[in-house]
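> For reference, the structure I am asking about is given below.
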Amino acid sequence: MAKVGRMVKEGSIREITAQLSERPNFFITTINRLAAPDADTLRRRLFGSTARLLVVKRTLGQRSVSGLNVAGLSELLQGSVGIVLADADVPATAKLLIEFRKTHEEQLAVRGAVVDGQLLDASRVEQLAALPPKPILLAQVVATIESPIADVIFTLERLLGDIAWLAEQAASQKPQVPAVAAEPTAPKQEEGTPS
């Protein structure tokens, strides 16, 4: 029987490791006495944002993340934990977890996260959750880049307009030299030469 239990554990570790390699951004939560209906509610909300919740025991979790080489990660995996596998929109998943935690403070706590290979503590996860949605962030970046460029273009257009105006003013104020027909003059004779 011990061999069957070991095979099940090894299969679970391989499954968790495979899922972590597919989704390298994940959150670590503490789950204490979270009732089944509440856990289902959390899973449905996460599923709506294409994230997934895995509830694992400490040993399985530690063995599953041992290959990630993230310093301090194994300390977050104490007791029964939930690993929330995030998809592309990591801030949205963080926001969902923080909002769910507000109504279930006794049952769920966010310990930290691994985002782009870096370990974030609980306060950094809250900062991540406070970020605006991705389309708004992209719009802010574009506005930040566009604003100085627009100012430069406006300034250049104004300078070119000023140069054109100055050229017009200079052309209109230039005094006209009257055209005088030159009279033919007789060649001067040198002194001492007979004419």
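Going by our numbering, the first residue of the sequence shown is number 1, and it counts up by one from there.
Beta carbons: idealized from backbone N, C-alpha and C, even for Gly.
(1) If you draw a straight line from the C-alpha of L85 to the C-alpha of H104, how long is it?
(2) What do you reckon, are the CB atoms on S74 and V81 nearer than 9 Å?
(3) Hey, quick one: how far does the beta strand (DSSP E) through V56 stretch, first residue to last?
(4) Do the CB positions of A109 and T29 come within less than 9 Å of each other?
(5) If you measure between the beta carbons of A94 and F47, is that distance less than 9 Å?
(6) Using the Cβ count rule (16 or more neighbours within 10 Å means buried), how would you classify L96?
(7) Should F100 go down as buried or exposed, given a rule of 16 or more other Cβ atoms within 10 Å for buried?
(8) Inspect the beta-carbon positions of R58 and L77 and report whether they are closer than 9 Å.
(9) Using alpha carbons as the reference points, say which of I149, S21 and A51 lies closest to D116.
(10) Between the C-alpha atoms of D121 and G72, what's the straight-line distance to the nearest angstrom?
(11) By the three-class DSSP mapping on this structure, what secondary structure does A86 have?
(12) Can you tell me where the alpha helix (DSSP H) with A113 in it begins and where it stops?
(13) Indicate whether I16 and L68 have their beta-carbon atoms separated by less than 9 Å.
(14) Pick helix, strand or coil for V70, following the three-state DSSP scheme.
(15) Given I31, which residues of its chain have a CB within under 8 Å of its CB, disregarding the five upstream and five downstream residues?
(16) Is the distance from the Cβ of S49 to the Cβ of A113 below 9 Å?
(17) Pull up the DSSP beta-bridge partners for V4, would you.
Well, looking at it:
(1) 20 Å
(2) no
(3) R52 to V56
(4) For the pair A109 and T29, the CB atoms are nearer than the 9 Å cut-off.
(5) no
(6) buried
(7) buried
(8) It is a contact, given that the beta carbons lie within the stated cut-off.
(9) S21
(10) A direct Cα-Cα distance of roughly 10 Å separates D121 from G72.
(11) coil
(12) Per DSSP, A113 belongs to no alpha helix (DSSP H); it is in the beta strand (DSSP E), L108 to V115.
(13) Not closer than 9 Å, so no.
(14) coil
(15) A39, V55, S80, V81, G82, Q107 and L108
(16) The answer is no: Cβ separation not under 9 Å.
(17) Answer by DSSP bridge pairing: none, since V4 is not bridged.
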